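Residue numbers (this note's numbering), protein chains in the order written: chain A, 1 to 232; chain B, 233 to 464; chain C, 465 to 692; chain D, 693 to 918; chain E, 919 to 1144.
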Ligand code: HEM
Ligand SMILES: Nc1ncnc2c1ncn2[C@@H]1O[C@H](COP(=O)(O)OP(=O)(O)OP(=O)(O)O)[C@@H](O)[C@H]1O
Ligand SMILES: Nc1ncnc2c1ncn2[C@@H]1O[C@H](COP(=O)(O)OP(=O)(O)OP(=O)(O)O)[C@@H](O)[C@H]1O
Ligand SMILES: [Mg+2]
Ligand SMILES: [Mg+2]
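As structure tokens, this is what we get:
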């Protein structure tokens, strides 16, 4: 069964086509890196998968259901450009809030568990407003992993994390993959992404130019793909 | 003459000391990378240099003047965590606005010039609200370089830029250094930073642990400094 | 040592007040038009003057804070505003009681009364703003600015009886009218009570300031522990 | 059950970040006093005819305080793209909407209950003579106003619809509810039970609440997903 | 010269981005209309005594609608940390303040000029009989209100309870200006020139503007740098 099946998607902003006839599918348990230059359409595609935007044409199936189906949404974890947590609540309160919305059995235990795993447990009671940028990003990670999602949609998850936090996030993604989850991430930090991604997809100006297993060349030279398929 | 002289700075948030007795100076024309783990105090220090925060104790001299002196401010370029441009204005309008505020002779020419150099010229008239994340960051770069500042304070400038944009920013910083400007940047993308930085400073929990020329080891192994001086 | 001085001053102001009470109720005669109730003037007017003084001191020390950035001025400003608001409420209550007896109503929208109420709200707003800001430097700075703005309302309250025809009595004290509107014995007594209240006010402010300073000391010790 | 818990979670979050400290209650009280003082300058508060417009005054105070609170409701979600996080979570759009409406409703009601007695003292009115009826009217109207306001807030937050000048349509839409409330409140403050002829206003109010709640709950899902 | 250009640049930016989305302008205008309509239900608009409170009513409307605009003034800068970008640029704090005040002033004036004729129609008043004097009063008061509103918007920009706190703090401060304006406007709408005894109100208004502009310009720099 494919975790995500994208069938001929077009998305226009006004009359600018941000996505043109995107078509591909991701099998369960794969880790896909969505690559592309600034403005290529990565965020738009991820938002469509997360059910936050509707494409003008084409269809998308997540775990064989519609992307807005409640069950689908309950099994997706999303990190977007904004961190998606409230400045006025503490770290713990934020996670409790989302734990309850996702209908977890014991939101408190899950929240404490994930604060610990992102090493935010000693600031659990502080308001997010007082966090540094990296601490916010960690909290966003904790929020996305909180309900053990079986599909992770991560938009530039490594942003502003330090080396230790990146290693941590990689190990979290690794263990999610091991329990059978699917990961789709967009990123510009290719080196970090290539340690996990077994598949890559390349967007160039809204078109899908390449999709397939990660070419071996990219391990040594991360920008190889850009130079081979992209413009210049 | 030193571009920045930091003399015994303490900064508290409530009763948490985010900076403890920081003392160092940066000579004109140097490029300093400010390193440290998440929450170490890099942003706080940069904001104090930019005159956006006042330290509780200690003093800071920028180009031998107070950090809030109008002349000082006119010769500083800042990129912060927020991009500092308006969503409801177009890219061009944003640059024109700041061009006028900095008292440039020909704001329009300068704005067009920098839109071109950050390859945003074909979206000059679009509202920033419609930009992708990387395009926003490019605009933030254009805003900071617009008035040819002689001191650049860049907080994680490489965030969400693609490989081409990173190369571009590096070359912009390089040419700024060549005309005698000073650059101080904080970043977690060490590899990109090490190509330019001739000096590094390491913050650990608000204390300055290391300051000096970039150790040769860091070229091969960017996290060497963390492992040698930081915790764990 | 300071504690002893404070205690002594507190005792002095207390004794002074008791002695004033004795004179007010047992020695002085009733006023011709109003009868016994007029005696409330010995508390009504001094408490207003006290609160005006407190707000004035708060305004000046806020200004000094902005110039010197010395947190002692901030402490002085909070302490005086807190005490000032308390005296404002005393003034409102005594005025209301007086009004109930002379005019037959607790409250009327007379300019003097309204402005007195507005002053009270404005300074309560100052205390609210302080509570809403966590960062001590930002708190001191923003509330200092607010405190300076607020003082305009005190000026208006004071001048209200000159500017508008009010139901509230016009000026009676001799330094405003040039004399002749009030019996000198009454005025003398009024100033006696004012002195006692001002002293009391000063003692409370000093105590509050010590409290704040102590708190700051504890905080800085905690900071020191952090820094180690 | 889960649905109700989700509604309550959303409402609780809004309330918690607003009522974190009791300053907000203090602020609400002094806000109410401030508006009442402001009114005293506009009309002559000692005159007898003030009785005739007391309901009107009261609901103007509420409408005004409400506008400030409602304006904030969905704007709060914009900050860190929190709206995205909520919309991508498995909570149904209608639960999200009801939760936010409930939060606003509680805040508005607090402000109203605080201002009522203050109004009584300052304007020398005995508002409590028909207490239960007054409370019913108050809650009914507040709910109607909240539903419209919350929906408006959700609409304007969405980029696509921002240009449609919705506020211009939606504030006037509150008028039927507010108008009935004014009429009824004036009667109740005068101490009389509601006369038979005026019962139509209550029915108007109830109808208003039902229709707009149904409309909002039905349409909000479309509004939230871009 | 440079100073004036900077003031104008800041004001121009605010106006441009507000007129592009018309978010708060629409909200304020429609809110003003709603209050006017509602009030016409609350009081009997054909009665003669409405003339006596017309000035008061008008300024209540302006004050309430204005709060919606003032509330957004500095909040607009929070979005992408734009305030930081402005504060770190070489523009003096006072120029920044005056620019933002000017922008708000224009927006408020637009709201007022739109609501005036509507007021005239709804309440059957000939407000234009002393047009020039009325305009003078209107502009003087609006400037005073704007200065206070902008300054306090800067003071409270980082607060959790900004929406509630800002009006609670600004209305009491604005009362002198609003009170004078109410008084004078009532006189002017009645069609008479201002009698000699009431000139004190104009002086109060001018004094208010001068004092608060001076205070704000002097103190704003302190407020902006954390
Ligand atoms: C709640 C009601 C009242 C309030 C808020 C109020 C407020 C004030 C204030 C603010 C002052 C200023 C003190 C000063 O200028 O030095 C004052 C003074 C005074 N009040 Fe009242 N008042 C109230 C009721 C009354 C009543 C009912 C009376 C007597 C009928 C009264 C008699 C006076 C007198 C004689 C002064 C001294 C005036 C002077 O020479 O300055 N007040 N009041
Ligand atoms: N407004 C604030 N109130 C309270 N604490 C704060 C505030 N801003 C920052 N801090 C605290 O100060 C410390 C330093 O924060 P700072 O933002 O300078 O870190 P940083 O080095 O920039 O981290 P990052 O790499 O994650 O951006 C952190 O522990 C943070 O929690
Ligand atoms: N709301 C919008 N309105 C109009 N155009 C938009 C909007 N959002 C995005 N676009 C345009 O769509 C294109 C794709 O944007 P998208 O955000 O998906 O890029 P991206 O691949 O995520 O880039 P980045 O790496 O910089 O984040 C861009 O050219 C952008 O200008
Ligand atoms: Mg993107
Ligand atoms: Mg940082």
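Don't be surprised by glycine CBs; every beta carbon is placed ideally from N, CA and C. Keep in mind the model is a prediction, meaning the values are calculated, not measured.
Kindly say whether residue i, judged by its beta-carbon, lies nearer than 9 Å to any beta-carbon of chain E.
i	result
residue 592 of chain C	yes
residue 852 of chain D	Only weak support exists for where residue 852 of chain D lies, its pLDDT of 49 falling under 50; the value from the coordinates is given anyway. No, because no Cβ of chain E sits closer than 9 Å to the Cβ of residue 852 of chain D.
residue 833 of chain D	no
residue 819 of chain D	no
residue 308 of chain B	yes
Any heavy atom of ligand 7 inside 8 Å of the beta-carbon of residue i?
i	result
residue 370 of chain B	The ligand content of the structure shown is limited to ligand 1, ligand 2, ligand 3, ligand 4 and ligand 5, which means ligand 7 is not among them.
So residue i is in the alpha helix (DSSP H); what residue range does that whole segment cover?
i	result
residue 46 of chain A	42-49
residue 468 of chain C	466-486
residue 981 of chain E	968-993
residue 367 of chain B	365-377
residue 340 of chain B	339-349
residue 442 of chain B	Element bounds for residue 442 of chain B: not the alpha helix (DSSP H) but the beta strand (DSSP E), 439-445.
residue 889 of chain D	No alpha helix (DSSP H) holds residue 889 of chain D; DSSP gives it neither H nor E.
residue 927 of chain E	920-939
residue 291 of chain B	Residue 291 of chain B -> not in any alpha helix (DSSP H); beta strand (DSSP E) instead, spanning 289-294.
residue 1038 of chain E	1011-1041
residue 234 of chain B	Not the alpha helix (DSSP H): residue 234 of chain B falls in the beta strand (DSSP E), residues 234-245.
residue 553 of chain C	535-566
With respect to 8 Å, is the separation between the Cβ of residue i and the closest non-hydrogen atom of ligand 4 below this value?
i	result
residue 159 of chain A	no
residue 396 of chain B	no
residue 186 of chain A	yes
Please find out if some non-hydrogen atom of ligand 1 comes closer than 8 Å to the beta-carbon of residue i.
i	result
residue 641 of chain C	yes
residue 701 of chain D	no
If you follow the beta strand (DSSP E) that residue i is part of, which residue opens it and which one closes it?
i	result
residue 217 of chain A	Segment 217-220 is the alpha helix (DSSP H) holding residue 217 of chain A; no beta strand (DSSP E) there.
residue 17 of chain A	16-27
residue 387 of chain B	383-387
residue 433 of chain B	431-436
Checking contacts by CB at 9 Å: is residue i closer than that to chain D?
i	result
residue 1126 of chain E	no
residue 16 of chain A	no
residue 1042 of chain E	no
residue 108 of chain A	no
residue 87 of chain A	yes
residue 625 of chain C	no
Counting only beta-carbon atoms, is residue i nearer than 9 Å to chain B?
i	result
residue 190 of chain A	yes
residue 683 of chain C	yes
When every heavy atom of ligand 5 is checked, does at least one fall within less than 8 Å of the C-beta of residue i?
i	result
residue 129 of chain A	no
Please indicate yes or no: does the CB of residue i lie closer than 8 Å to some heavy atom of ligand 2?
i	result
residue 115 of chain A	no
Between residue i and chain A, is there a C-beta pair that is closer than 9 Å?
i	result
residue 369 of chain B	yes
Measuring from the CB of residue i, is there a heavy atom of ligand 3 at a distance below 8 Å?
i	result
residue 769 of chain D	no
residue 211 of chain A	no
residue 367 of chain B	yes
Which of the three DSSP states is assigned to residue i in this structure?
i	result
residue 851 of chain D	Unreliable positioning characterises residue 851 of chain D in this predicted model, as indicated by a pLDDT of 48, which lies under 50. The coordinate reading is nonetheless provided below. In the structure shown, residue 851 of chain D sits in a helix (DSSP, three-state: H, G or I).
residue 953 of chain E	helix
Taking only beta-carbon positions, decide if residue i is within less than 9 Å of chain C.
i	result
residue 1096 of chain E	no
For this session: May I ask you to verify whether the region 1035-1045 of chain E touches the region 1084-1096 of chain E, counting CB pairs closer than 8 Å and requiring at least 3?
Result: no
Exercise. Between the region 766-784 of chain D and the region 80-93 of chain A, are three or more C-beta pairs nearer than 8 Å?
Worked result: yes
Exercise. Does the pairing of the region 554-572 of chain C with the region 614-621 of chain C give three or more beta-carbon distances under 8 Å?
Worked result: no
For this session: Say whether the region 945-956 of chain E touches the region 968-984 of chain E, bearing in mind that this needs 3 or more beta-carbon pairs closer than 8 Å, one atom from each stretch.
Result: yes
For this session: Please confirm if the region 29-43 of chain A is in contact with the region 178-197 of chain A, defined as three or more CB-CB distances below 8 Å between the two stretches.
Result: yes
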